[in-house]
Amino acid sequence: MKQKTQSSLLSFFSPPSSEGASAKKKNAPGGGSNGSSKKKASKAPTKRESLDNTRKKIDFSPKLKQKTASKETEADTSDDVEMEDTEKSVAKGSKRKAYEDFLGTSSEEDEEEPVKAQKKEEKPKEKSTEPAKKRTQVRPGKIIIQDDDDSDDEPVAPASRRRKAKTTTRNVVSSEEEWEQDSPEEGGDGEESEFSGAEEEPSDDDVDDLVDEESEEEAPPPKKRRKSAPAPSKLKKVATKSFLSPPPGAKKKASSTPMSSSKKSAPLADGPDLPSSVAGAGNHIHDSLPWLHEKRRDINGNAPDSPDYDPRTVKVPPEFLKKETPAMVQWWEVKAHNMDTVLFFKVGKFYELFHMDADVGFKELGLIYMKGDKAHSGFPEIAYSKMSSQLVAKGYRVGRVEQTETPDMLKVRNSSLAKKAKVVRREVCSLLSIGTNTVSFLDAPISSQDQVSKHLLALKEAFDPAQKIVRFGVCMVDCSTGAFQLSEFDDTEQRDRLKTLFAQFHIVEIVTERFNISDDTKMILKHAAPAAIRSSLRVGKEFWDASKTIDEIERAGYFKEHGWPEDVLHFLEMDKVVKPEGQLAISALGGCIWHLRRSIIDQELLSLCNFKRYKPSDEEAREARANKEALSAAKAELNQQYVVLDSQTIQNLEVLCNSFNGSRSGSLIDIMDKTVTSFGGRMFQEWVLKPLCKIGDIQERLDAVEELGNSGDLMMEIREFLRKLPDLERVLSRIHALGSAHRSKEHPDSRAIMYESQTYNIRKIKDFLSVLNGFDEAMNLTLELGPRLSQSTSPILQSLLKRYRIEDGVVPDVKHGHFPDLTEKLEFFKRSFDQAAAKKSGVIVPQDGVDHEFDAACADIAQIEAELSEYLKEQRSALRCQNINYWGKKKEDRYQLEVPESALSKQPKEYELKSRKKGYKRFHTPTIRGLLKRLATAEDQKEEALKDQTRRIFHKFDEDYKYWMKAVQCLAVLDCLVSLGLLSSQSEGYTKPEVVAASAANGGTPFIDIEEGIHPCVAATYGSGDFIPNDAHLGIEGKGQMVLLSGPNMGGKSTLLRQTCVLTLMAQIGSFVPAAKCRLSPVDRIFTRIGASDRILAGQSTLYVELAETATILNHATSHSLVILDELGRGTSTFDGTAIAYSVVEHLLSDIQCRTMFATHYHSLVEEYVGSDKVSLGHMGCIVDPENDRKVTFLYKLEDGMCPKSYGINVAMLAKLPDEVIECAAKKSEQFERSLQANSHTELENLRLAQKVKEALAEGEAGIDKLKQLWEEARSAIRA
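Position one of the sequence shown corresponds to residue 1 (UniProt numbering), numbered consecutively onward.
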C-alpha cells in the first residue's frame, strides 16, 4: 500500500471541489517504496494511514522518536509485556471528527483497538528487508510507554490510566487541525502536502532539527527518516534553505536527514524553483477582494471619505467569513482591528503570516509563499526577534498573536459550553513599533549599538486662528527606559519651540488627534520627522481629554505602588483636578497612555513613575523678557540654567548630525563623545544639547575635567571598569516589567504557550545576572578608585564615588556622597540562588531562608520521603527480605515495592499488584498511596512557589529601583567627565577656557575673546596643522560687539561664524577648546541664520525662510545672546536685500545690543559703518595675482577692514563654468561696476547741488542770484 502524506495547512483554507479532490486521488504519486495497488483499493487502511501520517507529523518530535526507538530495541530483547496506547477507530465519512478526536479538540476519549489490527496496517509501510525489531519504530500513530528505569517491565494498568498516559506523552503543539475545513473530501488519499510542498510538514521535528540541534543526543539514521515521511517526487529538485526562512513548504523539498546528520542538503544558488501551484505577489485571493480595496469600509461601515473613517480597521463581510475555517475567522477577527499591523499569528511552534501580511513577509523578510492561492508564509518561534526587529526597523508595526490555550485546555473549556469551540484561544500579546519597543524577553539581548534614544511623542494642539495663538501639550516617552517627559507651552506662529523639541530629541513615532491639528503644525511634523510613524486617534474616545486621563490613571492604578510623580502633580490641583494651564499636557499624556495600552505596555512603563517636566529651553528667557525688572537684572548677570539651542542652531552648527548625509559622523557630538557606556552616551548628548549658563556650574565641571585630564592612568582605569557594564538603565526597565505582579497575572503573555520558554527564561536570568555583575563592578570601582577621587580638589569628583548608607536615610550631597552603598543588597541576591545553575537551567531555585513558601514545601517533601524510607524498612522486616526496594519514577506509579517472588510465600493482603518483571512483582499499599497523595500536594506547592520565584526575585530587586538608578546616574556622570577629560588632554592645541561674568570682567558688556581658534569638526578632516586658525573678538576694548565680515566667496566666512559658536558651546559644556586662548562671558542663547534654501513643499520661498528665521532672532535675543547671520537678504533684489540687512543690523546694535557676527557681500552696507565704534569690520584675506586679476589665492585668515571685491568670477572658474560664460560674466561685471560708479558720482553731484540750493534759500533775497547761477550750472550739466 502506498503511504499517504498529510494535507497542508493551506489545503484546509478553502476546501477543493469534489472534482478536484477526486482528480487528486487518481493522480497522486506513491510515497512508499513497496506500494501495492491491491492494498490501495482498500479504503479503511487508506484512511488509517492518512490519519497516522497526520498524527506523526504534527505530534512527534525527533527526540521522542529517538527515545521511543531506543526503548523499543531494548524491549525486543526482554520478556516484558508492552503497554500500548491505541486509537479510536475511524468511521466512514467522519474525517474531521477523527482529526478532532486525535488532536484533542473533541471531548471524547480515544478507545482501544487490538494490537494485532494495528500491526497489520503497519506492515505494508515497511521494507521487507528491514529487521523485525525496527517495525515498531516507524509505525505512525503509536506510542510505546515504557518505564524510565528498566526495559523489561510488565506494567499492569487500567484503560483509563493508559488514556491519561497517552495525553501526557503527546506534545502540546499546535492545533493545526484548526485550519481544516469541515469537508470529507479534503486531504484525500494520495494528496500532496500543500503546506510543505514536499515530504515534511513544518512540524516540531524540523524546528528541533534546525534550531535545537545541540540538544539532540543522536540523530536517527537517514533511512528511518525517509521511511517515516516519504516524499512526493514532484519537488525533489528544490533545495533546502535555512530555518529562518518560512516553514519551507512551497519553496523547497527539505532533506529528510536532520542537520546533525552526516548527509548534507543541496546548496541554494539563486533560490529554489517554486512549483507552479505557488501564486506570486499580487496574484492571491486578497488582491482581488473588493471589500479590501475599492469597496473598503472600516469596522463601523464608514467609507474612506467619511470624517469618522478609521484606517486601522476593516469591515469583513459575514458571508466571506462563513466560507472560512474557524482559525481563519479568528485571524480575521484580529486583523479587522489591526489593519496597520503585520500579524505574526502563532500556530504551534510557528508564526504564520497570511494574506497581505504574507506579502510584507515576502517583500521585506525574504519569506517564500506557500502553495495555494491564499498568501501564506511563516517562520519558527525562535526566529521572532530577528524577523520582528527587521520589520520594526523598516517602519512597520508588528503584532504577536499567541496561543493562550492548549488542545487539552480547549477540551476542558468545551465541556462546559453548549456550543463547542473548534479553535484554541489566541490573544494579541504584543504590538511592536519603533516607538513602543520595550525590548521584551522575546527579543535578542539588549545591544549597546543604539547611540540615540528613540522617543514616542503624543502632541495636543490648541490653535486660535483669529488671535494667532498656538499652544501645545506634549508627552514624550523613551519606551526602552520608561522615561516620560511632560510639558505644556505657548509657541510662535512658526512653531519655534516645537521645532526645537524635534531637534533635541529623536522622535520616531508621533501620536496626534485626528482632526484638531492645524495645517501649519502638520507641515512641521512632516518636515521635522519625515521618517516617523504617525497615528491619528479619535478625539475623546482614544485621545482622552484631561479629566478622563486622570480617571483612567486612577482606575488602572498605575501610580498605586509608588504614588503620583511630582512632575505630574505639577499640572494638578490638590484634589486631582487638572489646572487650566495643564489641560493640554495631561490630555497628551492620555493619548500616549491609550497608545501604550494598545501595545500592552502601559502598566510596565507607567508603574515606573519615571516622569519629569520638559521645559522649553527658552522659557526662562521669555519670562525674563516679559518682566522688566527681571530684564534689567538679566542684563547685569545671567541666571538661567542652560543655553538655549533652537532647531536651526542645532542643524546649522551640526551639533548632532552632519548636513551632508544626516549621519552622526563628523558632527560636534561625534568629535566630543568618548563615552564607553550606553547610559553615559545618552547623558553626554543631554550635556551637549544643554550647555551650562551659570558660571559656578561651568567652573566646577571644567575643574573636574582638568583634574581628570592630568591623571591619564586614572582615566584608563575608570574606563576599564565602565567598559564592563551592560546598558544598566535599559535592563533595569526590563527587570521592572518582568517583576511586575500585574504582568504575571493580567498580561496575555502570562497565558501564552511558548515552546522556547527555556531559552527565554535563560535570557531573562542572563539579563538579571548581568545587572548584578554590573553593579558589583560598580561597587568595586567605588572601593578601588573612590578613595583616590575623594582626595581631588574638585567637589564633583570628591562626592561622585563617595558612598552613603541607604539605611541612614541621608540626602545625597557633597558631604555624605552621591553613590548609594549597594553592597548589602547585592549580597542578598548573590546568596538568594545558585547563579550558575540558574543561568544553565533558566530556573531560579531559592536558597534556604529566602522564600518561606518554598522552604515549607521542601520540608514537607523531606518529611514524607523520610516516612517512605521508614515504611520500606518495616516491609523488609515483615517479609524478612533485605532485597526489597522502591521502583518507578512516574508520578502515579513511583514508590512501588519491588519484591522478589521468592519472598512472597505469604503475600500481605494490603499489597496491590501494579506491575512485574521476571522474578519480581511490584506492589502499592494503602499506606504508600496516602503518602504519595501527600507528596504530590507538597510537590505541587513547591512547583507553584518555584514557578513564580523568578518574578518575585525580580520584583524584590525592583523595589530599590531609585537607588539602582541613582548609582547609574553617578556612573553616567563619571563616564561623561572622563570623556571630556580625554578630549581635553589628548587633543592637540586644546586649552581650558576662562568663563567669567561680564559685569566683573568687562564693565558689564558681554564679550568673546578667542585667539587662534580652530573648528574641531572641520579640522578633523585636514591633516595636522593644515587648518588655518582665526581670532574672534566681540565686545572687548577696542572692538565692537558686532563684526561685519566681508570677503571673497569660499574664503572661509561661514566656517569662522560656525567656529565661534562651536567654541562657545564647548566652553559652556565644560570642555577644553581648540584655541590658544578662550575667554568669554556666558551666552544664554545662540541664534544662527546661515545659508539660503526654500521649502517648496511648505510653500515657503527662500526670502520667506530667511526673514522668518531672522524674526525669531529679533523677537527672542537678549544682550547675552550670540547671533550669527550669513548673507541675509540675498533672496531678493540687491536694494531690498541691503535695506533689510541694514535695518536688522541697526536693531541688533541699538535695541538688543548682543554679540553678533554678520557676513555679507553688500559692500554699501559695510561702508555705512566705517569708523563706527560699535562695529568692527573684517574680511577673509586673499592674494590677487598682479598679472591676472582673475587668479586669486585664498588665505582663510581674518583681517581687519573691508574687502573691496567678492571675486565671484574666480569661484566660477573653480566651478569649471564654460570659458565663454566666464568671459561674458567678466565683461558684464566691469560694465555694471562702471555704471554703478557713474551713478554714484551723479548722485554725489546731486547731493552737493541740493545742499547749495538749501543754503541759498536760507539766505533769503540775498540768495536769489546764487539760485539763478545754480540753475544755469544745472542746465549746462544736463546739456553736456
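C-beta atoms are modelled at their ideal positions from N, C-alpha and C, and glycine is treated no differently.
Quick caveat, the model's predicted, so the values are computed rather than measured.
Asked                                                                                             : Found
Alpha carbon of residue 747 to alpha carbon of residue 597, nearest angstrom                      : 11 Å
Of the listed residues 934, 849 and 918, nearest to residue 867 (C-alpha basis)                   : 934
Simplified DSSP assignment, three categories, for residue 370                                     : coil
The stretch 357-376 contacting the stretch 424-432, beta-carbon criterion three pairs below 8 Å   : no
Three-way DSSP call (helix, strand, coil) for residue 112 in this model                           : Per-residue confidence for residue 112 stands at a pLDDT of 37, beneath the threshold of 50, marking its modelled position as unreliable; no derived number is given.
Three or more C-beta pairs below 8 Å linking the stretch 659-666 and the stretch 1045-1062        : no
Residue 1083 versus 1118, 507 and 1073, residue with shortest Cα-Cα distance                      : 1118
Sequence ranges, alpha helix (DSSP H) only - wholly within the stretch 312-377, length at least 4 : 318-322, 326-335 and 355-364
Inter-residue spacing [alpha-carbon to alpha-carbon] between residue 337 and residue 344          : 14 Å
Residue(s) in a DSSP beta bridge with residue 1182                                                : 1194
Pairwise C-alpha distance: residue 347 and residue 407                                            : 12 Å
Selected residue, minimal CA-CA separation from residue 731, among 480, 682 and 609               : 480
C-alpha distance - residue 639 paired with residue 741, whole-angstrom precision                  : 46 Å
Collapsed DSSP secondary structure at residue 1033 in the structure displayed                     : strand
Any non-hydrogen atom of the ligand MG within 7 Å of residue 997 CB                               : The ligand MG is absent from the structure shown, which contains no ligand whatsoever.
C-alpha gap between residue 1019 and residue 672, whole angstroms                                 : 13 Å
Residue 611, enclosing beta strand (DSSP E) - first and last residue                              : 611-613
C-alpha distance - residue 1271 paired with residue 1263, whole-angstrom precision                : 12 Å
Delimiting residues of the beta strand (DSSP E) encompassing residue 1087                         : 1085-1089
Three-state secondary structure assigned by DSSP to residue 487                                   : strand
Three or more C-beta pairs below 8 Å linking the stretch 1071-1081 and the stretch 1107-1114      : no
Residue closest to residue 364, alpha-carbon to alpha-carbon, out of 374, 668, 394 and 376        : 394
Candidates 767, 826 and 1140, of which the one nearest residue 777 by Cα                          : 826
Range of the contiguous alpha helix (DSSP H) that encloses residue 1281                           : As shown, the chain starts at 1 and ends at 1280. That puts residue 1281 outside it, with no answer to give.
At least 3 beta-carbon pairs within less than 8 Å: the stretch 852-863 vs the stretch 938-950     : yes
Per-residue DSSP class, three states only, for residue 780                                        : helix
Residue burial classification, residue 1135 (beta-carbon count within 10 angstroms, cutoff 16)    : exposed
Residue burial classification, residue 264 (beta-carbon count within 10 angstroms, cutoff 16)     : Unreliable positioning characterises residue 264 in this predicted model, as indicated by a pLDDT of 33, which lies under 50. The coordinate reading is nonetheless provided below. Per the 10 Å Cβ criterion, exposed.
Check whether residue 1175 and residue 1050 have beta carbons under 8 Å apart                     : no
Buried or exposed by the 16-neighbour rule on C-beta atoms within 10 Å, applied to residue 634    : Because residue 634 sits at a pLDDT of 46, beneath the cut-off of 50, its placement in the model cannot be relied upon, and the following sentence gives the value as read from the coordinates. Residue 634 is buried by the Cβ-count criterion.
Beta strand (DSSP E) segments (min. 3 residues) lying fully within the stretch 1000-1078          : 1008-1013, 1030-1034 and 1042-1046
Backbone secondary structure at residue 427 - three-state DSSP                                    : strand
Entirely enclosed alpha helix (DSSP H) segments - the stretch 638-679, minimum 4 residues         : 647-652 and 668-672
Nearest-angstrom Cα separation, counted from residue 641 out to residue 1078                      : 22 Å
Buried versus exposed, by CB contacts within 10 Å (16 or more), residue 916                       : buried
For residue 1265: DSSP bridge partner residues                                                    : Residue 1265 is not bridged to any residue.
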